[in-house]
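Protein chains in written order, with the working numbering: chain A, 1207 to 1350; chain B, -7 to 106.
This report refers to the structure that appears directly beneath it.
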Ligand SMILES: Nc1ncnc2c1ncn2[C@@H]1O[C@H](COP(=O)(O)OP(=O)(O)OP(=O)(O)O)[C@@H](O)[C@H]1O
Ligand SMILES: [Mg+2]
């Protein structure tokens, strides 16, 4: 039996815009080395990068935990930031509380959460105001 | 379209050295990386007036192989290094976004959107 699981943990630094995306970039490299199909790598990259950027710009930084087995990749991006008061509203395309400083960096269109949903097979968001946000993304390598 | 031909069309400077044999057929133009993430589909090239490391990052995630900075903007050395490490080609042109896009469209480059 080949049940090898690759586990990785990353720190997502707060407010360091130059480093934002390092974790997603590293996971992308692992998936490429494993020979995962390019369209799956792209979907995973998009979903994880959107979550990672959110942790940086909205969540005061956080952590990424990644588990890869032969069937799927599971990604947990967690932060201890302000949380999301109305998740249903936040999921809507175009809804954003990003300040102008974030928009000047090229983000804050309010597309991230819906884009994450589009590209992950399972998306679970657990959020509480003043406690933080946990985003769980699962992408399957072979569609059942 | 080869990198050298793109550079000629845009009167652009090629900023990276690893320019391989990329053949560009499709492109998108945007200053907002959120939009590139959400709306760009399978485009090989990005034209943008935004200059920061997240442009390179976004290109990496979206499998974009070539980035053209418009309006005479130039990335810092650390961005060029980052692009080279990821095999992404960088160019810089004086043309504004609309003009640069139009010139490439005229030569047959097309956008693949939503
Ligand atoms: N980790 C988080 N912590 C706190 N609030 C968040 C978090 N993630 C998202 N939000 C809230 O949800 C809103 C919508 O998020 P979404 O990712 O869709 O858009 P955005 O980040 O504002 O812009 P874009 O993703 O298009 O660059 C955000 O503006 C913010 O208010
Ligand atoms: Mg976002």
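Here a beta-carbon is modelled for each residue, glycine too, at the ideal position from N, C-alpha and C.
Compare the C-beta of residue i with all C-beta atoms of chain A and state if any pair is closer than 8 Å.
{"i": "residue 26 of chain B", "result": "yes"}
{"i": "residue 44 of chain B", "result": "yes"}
{"i": "residue 29 of chain B", "result": "yes"}
{"i": "residue 49 of chain B", "result": "yes"}
{"i": "residue 23 of chain B", "result": "yes"}
{"i": "residue -3 of chain B", "result": "no"}
{"i": "residue -7 of chain B", "result": "no"}
{"i": "residue 73 of chain B", "result": "no"}
{"i": "residue 52 of chain B", "result": "yes"}
Kindly say whether residue i, judged by its beta-carbon, lies nearer than 8 Å to any beta-carbon of chain B.
{"i": "residue 1318 of chain A", "result": "yes"}
{"i": "residue 1224 of chain A", "result": "yes"}
{"i": "residue 1256 of chain A", "result": "yes"}
{"i": "residue 1220 of chain A", "result": "no"}
{"i": "residue 1231 of chain A", "result": "yes"}
{"i": "residue 1227 of chain A", "result": "yes"}
{"i": "residue 1207 of chain A", "result": "Caution is warranted here: a pLDDT of 44 is assigned to residue 1207 of chain A, below 50, making its placement in the model unreliable, and the coordinate value is therefore given only provisionally. Cβ-Cβ to chain B under 8 Å: no for residue 1207 of chain A."}
Which residues in the same chain as residue i place their Cβ atom closer than 7 Å to its Cβ, once the five residues preceding and following it in sequence are excluded?
{"i": "residue 1217 of chain A", "result": "1269"}
{"i": "residue 1219 of chain A", "result": "1225, 1267"}
Between residue i and the rest of its own chain, which residues show a CB-CB distance below 6 Å, the 5 nearest in sequence each way excluded?
{"i": "residue 1280 of chain A", "result": "1273, 1344"}
{"i": "residue 92 of chain B", "result": "2, 39, 62, 85"}
{"i": "residue 1212 of chain A", "result": "1274"}
{"i": "residue 13 of chain B", "result": "none"}
{"i": "residue 78 of chain B", "result": "52"}
{"i": "residue 1328 of chain A", "result": "1344"}
Give me the residue from the options with the minimum Cα distance to residue i.
{"i": "residue 82 of chain B", "options": "B:45, B:31, B:91", "result": "B:45"}
{"i": "residue 1234 of chain A", "options": "A:1289, A:1225, A:1244", "result": "A:1244"}
{"i": "residue 1333 of chain A", "options": "A:1346, A:1291, A:1239", "result": "A:1291"}
{"i": "residue 1295 of chain A", "options": "A:1310, A:1283, A:1316, A:1284", "result": "A:1316"}
{"i": "residue 1230 of chain A", "options": "A:1251, A:1330, A:1346", "result": "A:1251"}
{"i": "residue 1307 of chain A", "options": "B:24, B:4, B:19", "result": "B:24"}
{"i": "residue 75 of chain B", "options": "B:103, B:93, B:37, B:51", "result": "B:51"}
{"i": "residue 1336 of chain A", "options": "A:1221, A:1288, A:1238", "result": "A:1288"}
{"i": "residue 1313 of chain A", "options": "B:78, B:56, B:30", "result": "B:30"}
{"i": "residue 68 of chain B", "options": "B:78, B:43, B:59, B:57", "result": "B:43"}
{"i": "residue 103 of chain B", "options": "B:14, B:18, B:77", "result": "B:18"}
{"i": "residue 1338 of chain A", "options": "A:1261, A:1249, A:1256, A:1298", "result": "A:1261"}
{"i": "residue 1228 of chain A", "options": "A:1297, A:1239, A:1257", "result": "A:1257"}
{"i": "residue 101 of chain B", "options": "B:37, B:28, B:80, B:0", "result": "B:37"}
{"i": "residue 1265 of chain A", "options": "A:1321, A:1241, A:1223, A:1320", "result": "A:1223"}
{"i": "residue 1286 of chain A", "options": "A:1348, A:1340, A:1298, A:1253", "result": "A:1340"}
{"i": "residue 16 of chain B", "options": "B:88, B:4, B:56", "result": "B:56"}
{"i": "residue 35 of chain B", "options": "B:26, B:89, B:20, B:49", "result": "B:20"}
Chain-ordered residues, beta carbon under 5 Å from a heavy atom of ligand 2: A:1260, A:1318
Short-range partners of chain B found in the stretch 1321 to 1333 of chain A, where Cβ spacing is below 8 Å: Of all residues in the stretch 1321 to 1333 of chain A, 1321 have a Cβ within less than 8 Å of some Cβ in chain B.
Chain-ordered residues of the stretch 1242 to 1270 of chain A with a beta carbon less than 9 Å from chain B: 1244, 1247, 1248, 1251, 1252, 1254, 1255, 1256, 1259
Residues, ordered as in the chain, of the stretch 1288 to 1315 of chain A that lie near chain B by beta-carbon distance below 7 Å: 1311, 1312, 1313, 1314, 1315
Members of the stretch 51 to 70 of chain B near chain A, C-beta cut-off 7 Å: 52, 53, 55
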